[in-house]
Amino acid sequence: MTAMRKVFAAAFLFAVSTLSHAQDFSSQPQGFSSIDTLMADALKAGQLPGGVVVIGHDEKVVFHKAYGDRKAAGEIGPDGSTAAEPMTEETIFDMASLTKCIATATAMMQLYEQGKFQFDDPVAKYLPAFAAYGKEKITIRQVLTHYSGLAPDVSLKDPWGLAAPDKAEGIKRAMESTPINPPGAKFVYSDINFITAGALVEKLSGEPLDVYALKHIFEPLKMTHTRYLPFDKVCGHAKKVGAALVYEDSKAMYKCAEGTWPGTLIPNIAPTAHDDELNAQVNPHFDQLIRGSVHDPTTRRMGSVAGHAGVFSTAQDVAIYAQALLDRLAGRPSAFPLKTETLKLMAQPEQPSGAKYLRGYGWDIDSPYSRPRGDLFPIGSFGHTGFTGTSLWMDPRSNTYVILLANAIHPKGRPPITPLRGKIATATAQALNLYTPGSKTATGGEILPGIDALEAQNFAQLKPLLAHHDNHLNIGLLTNNTGLDRSGKRTIDILAHASLPGLKLTTLFSPEHGILGAEDREGIESSKDKASGLPVISLYASVAARHPKHEDLANLDAVFVDLQDAGFRYYTYEAQVGYFLEAAAQEEQQYHHRLDIVILDRPAMPAGTTVGGPLSDAGHDAYTNYMAGLPSQNGMTLGEVARYFNQNKLGPNGNPLDAPLTVIRTQNYIRGLWFDQTGLPWQNPSPNLRTMASVTIYAALGLVETSNASIGRGTDFPFEQFGAPWIKADELVAYLNSRKITQVRFEATTLKVAEDEHKYPFHGQSVPGVRIVVTDRTRLDGPALGLEILAALHHLYPQQLDLDRANRLLVNQATIDAIKADKDPHDIVAMWEPGLTEFREKRSKALIYGYLP
Numbered sequence: 016m017t018a019m020r021k022v023f024a025a026a027f028l029f030a031v032s033t034l035s036h037a038q039d040f041s042s043q044p045q046g047f048s049s050i051d052t053l054m055a056d057a058l059k060a061g062q063l064p065g066g067v068v069v070i071g072h073d074e075k076v077v078f079h080k081a082y083g084d085r086k087a088a089g090e091i092g093p094d095g096s097t098a099a100e101p102m103t104e105e106t107i108f109d110m111a112s113l114t115k116c117i118a119t120a121t122a123m124m125q126l127y128e129q130g131k132f133q134f135d136d137p138v139a140k141y142l143p144a145f146a147a148y149g150k151e152k153i154t155i156r157q158v159l160t161h162y163s164g165l166a167p168d169v170s171l172k173d174p175w176g177l178a179a180p181d182k183a184e185g186i187k188r189a190m191e192s193t194p195i196n197p198p199g200a201k202f203v204y205s206d207i208n209f210i211t212a213g214a215l216v217e218k219l220s221g222e223p224l225d226v227y228a229l230k231h232i233f234e235p236l237k238m239t240h241t242r243y244l245p246f247d248k249v250c251g252h253a254k255k256v257g258a259a260l261v262y263e264d265s266k267a268m269y270k271c272a273e274g275t276w277p278g279t280l281i282p283n284i285a286p287t288a289h290d291d292e293l294n295a296q297v298n299p300h301f302d303q304l305i306r307g308s309v310h311d312p313t314t315r316r317m318g319s320v321a322g323h324a325g326v327f328s329t330a331q332d333v334a335i336y337a338q339a340l341l342d343r344l345a346g347r348p349s350a351f352p353l354k355t356e357t358l359k360l361m362a363q364p365e366q367p368s369g370a371k372y373l374r375g376y377g378w379d380i381d382s383p384y385s386r387p388r389g390d391l392f393p394i395g396s397f398g399h400t401g402f403t404g405t406s407l408w409m410d411p412r413s414n415t416y417v418i419l420l421a422n423a424i425h426p427k428g429r430p431p432i433t434p435l436r437g438k439i440a441t442a443t444a445q446a447l448n449l450y451t452p453g454s455k456t457a458t459g460g461e462i463l464p465g466i467d468a469l470e471a472q473n474f475a476q477l478k479p480l481l482a483h484h485d486n487h488l489n490i491g492l493l494t495n496n497t498g499l500d501r502s503g504k505r506t507i508d509i510l511a512h513a514s515l516p517g518l519k520l521t522t523l524f525s526p527e528h529g530i531l532g533a534e535d536r537e538g539i540e541s542s543k544d545k546a547s548g549l550p551v552i553s554l555y556a557s558v559a560a561r562h563p564k565h566e567d568l569a570n571l572d573a574v575f576v577d578l579q580d581a582g583f584r585y586y587t588y589e590a591q592v593g594y595f596l597e598a599a600a601q602e603e604q605q606y607h608h609r610l611d612i613v614i615l616d617r618p619a620m621p622a623g624t625t626v627g628g629p630l631s632d633a634g635h636d637a638y639t640n641y642m643a644g645l646p647s648q649n650g651m652t653l654g655e656v657a658r659y660f661n662q663n664k665l666g667p668n669g670n671p672l673d674a675p676l677t678v679i680r681t682q683n684y685i686r687g688l689w690f691d692q693t694g695l696p697w698q699n700p701s702p703n704l705r706t707m708a709s710v711t712i713y714a715a716l717g718l719v720e721t722s723n724a725s726i727g728r729g730t731d732f733p734f735e736q737f738g739a740p741w742i743k744a745d746e747l748v749a750y751l752n753s754r755k756i757t758q759v760r761f762e763a764t765t766l767k768v769a770e771d772e773h774k775y776p777f778h779g780q781s782v783p784g785v786r787i788v789v790t791d792r793t794r795l796d797g798p799a800l801g802l803e804i805l806a807a808l809h810h811l812y813p814q815q816l817d818l819d820r821a822n823r824l825l826v827n828q829a830t831i832d833a834i835k836a837d838k839d840p841h842d843i844v845a846m847w848e849p850g851l852t853e854f855r856e857k858r859s860k861a862l863i864y865g866y867l868p
């Protein structure tokens with residue numbers, strides 16, 4: 016046996032022995048049987064011939080199992096047999112586009128660490144040929160996040176690289192590619208991006224990409240079965256047919272030179288599809304089974320090494336990579352070959368600031384390709400897929416990874432594997448009791464809202480404010496029933512009895528719905544808080560009362576705010592905060608009176624990630640639209656909203672408000688968590704928002720609210736259903752379901768509206784209605800759903816729907832006009848995007864919380 020073959024044999028035994036040690040099924044959490052069921056169903060449905068699932072949690076492999084077959088019956092195997100080959104846990108897979116992350120992006124981050132480039136450098140600075148055809152301004156950031164504007168792939172219509180590999184031609188085609196979009200404007204997943212990144216690795220390191228990845232990534236991590244399989248570096252047991260390798264069963268012994276790989280690996284590699292590139296006249300390997308060569312046709316034509324595909328690996332090796340990455344990211348001991356701060360750049364959003372879809376450097380965070388996240392892992396977890404059927408998804412907060420490796424394209428023509436990936440991730444989270452909606456404990460540690468954070472630090476965050484006010488801080492508090500700490504103690508009482516010398520709570524302010532959050536009427540009078548004896552100044556007694564008065568602020572040094580916001584432009588707590596910022600700016604300018612605004616922040620309810628809906632038109636500032644240019648859903652906490660207003664709302668002098676503002680952060684909170692995943696007790700933020708489902712759907716039905724349809728007020732399910740006497744429920748349900756909005760389904764129902772003092776629309780009546788059932792809230796675009804509903808009502812009942820009334824909360828005349836013109840809702844949503852891009856750019860400067868713990 017040659018030295019090289021001994022190395023691979025020893026490596027194989029090492030991998031098997033370490034795997035056996037890690038696979039302690041006696042300590043497995045209960046519930047992984049659901050993964051067996053999912054895989055069995057997928058095999059039965061023909062989604063894949065077989066696969067390997069590995070799940071890691073808390074630095075342990077808690078599940079590892081092979082399913083089905085590696086090679087389907089009827090296909091010729093390495094030994095000439097047509098019998099099926101069972102899948103094994105040690106099977107080597109074509110990782111396809113996972114190469115982009117585990118090899119190329121990781122290599123780029125290492126070179127960045129070495130100071131070889133900056134992310135906003137033009138690619139052409141290092142690869143001058145790339146500047147051709149208008150690409151001179153495309154940056155490395157845009158390439159690594161797929162916002163370069165380049166097409167998905169180079170042309171494969173002619174037979175280049177089929178008779179024999181031609182790497183130079185592949186690189187040339189990437190360098191000569193023509194953009195299809197302006198740089199930074201649109202997310203388009205592109206292999207050309209990572210062909211280019213691979214070329215950058217070679218230029219900046221001076222090493223071939225396959226050599227660099229093996230030497231600097233795979234070997235340091237002891238990923239002993241992971242490497243590129245270059246066409247021209249195979250050693251024995253393989254013949255070269257065009258651009259592909261075909262296994263030759265031979266007893267011959269080969270002396271393999273350093274840097275080559277033994278063809279004896281091929282029988283342990285999962286075959287992929289039949290080679291369908293062009294035809295047999297120009298492709299010598301046409302219609303033969305691909306096994307031992309990369310499936311990706313561009314990479315195969317380039318000699319099986321490229322930045323976007325070409326790496327082969329095992330589930331165990333991918334698990335080593337994933338756990339090392341999570342350990343390094345958390346600051347635990349790790350062999351991962353990057354510094355923690357560098358790794359964070361890979362794993363957090365680094366796309367252009369106004370962009371809709373979230374991408375790290377290589378990793379996918381939230382985009383149309385994020386289905387492997389499932390329904391429970393938060394946006395902020397990250398991963399990637401490979402076309403052959405591979406996927407890796409990692410969640411730093413829970414220290415969990417989910418791996419599915421499959422050859423789902425074998426031998427040809429199978430249904431998509433995409434839904435299975437997400438189902439396995441969801442089943443994993445359920446089995447490990449992670450991110451369970453409604454749980455009293457939060458995954459990844461206790462979350463402390465602003466008031467709890469103050470208590471935890473004995474009010475130390477307020478000492479700078481005290482210093483500004485000569486160590487005397489008379490404060491007011493804007494709050495309601497949601498102003499509670501984790502134990503249920505009122506913020507009113509906490510501040511009234513705070514042990515911080517000089518701090519004195521003197522005044523309470525109440526927003527819409529009153530100090531108890533229970534009123535759903537106008538004209539709420541000022542009162543007195545019974546428990547504390549403090550006066551309550553109602554800001555909802557009249558329209559004029561919504562703006563704080565100088566006489567109510569003159570004796571205050573600060574106004575604290577503790578409210579649970581819902582996250583929508585038309586939710587009036589946001590405008591109320593804006594009015595206090597205006598008042599604070601006015602106090603300084605007119606009265607030379609410093610009035611600090613202190614937001615005791617709380618988590619966003621709908622995850623703090625989605626920005627959607629039309630931007631509000633100018634000239635329509637209102638209690639339900641604080642300022643022009645706001646989308647209907649902002650994806651911010653109330654503290655971040657306050658920062659946005661302070662930075663962007665112009666005062667009478669034409670400058671931003673820039674009022675004295677302090678945000679007491681929610682500790683241990685990350686974007687992507689829904690409120691019911693925070694472990695915080697539920698309090699209705701307003702009388703009709705009673706469940707997380709109602710908050711989720713209010714993003715849509717808020718746009719319908721001021722039309723002449725009911726959105727469920729006065730029923731048992733407000734903001735979860737809508738209706739009117741003039742609709743036909745079955746007809747409307749059939750129409751909406753035909754729109755194939757995959758995150759929801761619609762069901763016919765009857766709205767029974769109470770007859771009470773509120774006199775809600777259709778009070779005392781039972782009217783036909785539609786119930787909205789959310790099936791995938793993490794991918795739901797609520798405002799787009801609201802548009803679909805308005806468009807459906809107008810389409811079916813144009814004479815009955817009063818569409819113009821809906822514009823009171825929609826506040827975008829162009830959208831109303833487009834609905835009247837019967838434009839497709841998808842086209843109307845696309846019409847919103849330029850404004851949303853501009854808003855997201857401004858919003859990025861106001862954000863406080865990130866996606867990583």
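Using this note's numbering, read the sequence shown as starting at 16 and increasing by one per residue.
The C-beta atom is built at its ideal place from N, Cα and C for all residues, glycine as well.
None of these values were measured; they are calculated from a predicted model.
Skipping 5 residues on each side, what residues in its chain have a beta carbon closer than 7 Å to that of residue i?
i    : result
G517 : L481, N486, H487, L488
P348 : D342
Under three-state DSSP, which class holds residue i?
i    : result
G654 : helix
D264 : coil
M409 : strand
Y141 : coil
P798 : helix
L244 : coil
N489 : strand
H72  : strand
Y416 : strand
G65  : strand
Do residue j and residue i have their beta-carbon atoms positioned less than 8 Å apart in this structure?
i    : j    : result
P352 : I232 : yes
I490 : D577 : no
A556 : G538 : yes
T652 : D616 : yes
A425 : P312 : The sequence shown places His at residue 425, not Ala. No, these two residues do not count as a Cβ contact at 8 Å.
T506 : I552 : no
M124 : M361 : yes
If you follow the beta strand (DSSP E) that residue i is in, where does it begin and where does it stop?
i    : result
A573 : 573-577
L615 : 611-615
V782 : 781-789
A763 : 759-767
In chain order, what residues of the same chain have a beta carbon less than 6 Å from the beta carbon of residue i, not counting five sequence neighbours either side?
i    : result
G850 : L630
D796 : G627
W689 : A622
A807 : Y750, L751
K254 : V261, E263
S542 : V551
Suppose the cutoff is 8 Å on Cβ atoms and the five residues either side in sequence are ignored; what does the same chain contact list for residue i look like?
i    : result
Y141 : F132, L215, K218, L219
What are the boundary residues of the alpha helix (DSSP H) that includes residue i?
i    : result
T160 : Premise fails: T160 is in no alpha helix (DSSP H) and is neither H nor E.
Y82  : No alpha helix (DSSP H) contains Y82, which is instead part of the beta strand (DSSP E) from 75-86.
N496 : Unbroken run through N496: none, as it is neither H nor E.
Y336 : 330-345
P840 : 840-859
D181 : Per DSSP, D181 belongs to no alpha helix (DSSP H) and is neither H nor E.
Can you give the beta carbon distance from residue i to residue j, rounded, assuming they're within the 8 Å contact cut?
i    : j    : result
L523 : L549 : 5 Å
P235 : A55  : Rounded, the Cβ-Cβ distance is 38 Å, inconsistent with contact.
P671 : N663 : 6 Å
How about residue i: is its C-beta nearer than 8 Å to some C-beta of chain B?
i    : result
Q296 : Absent here is chain B; the protein component of the structure consists of one chain.
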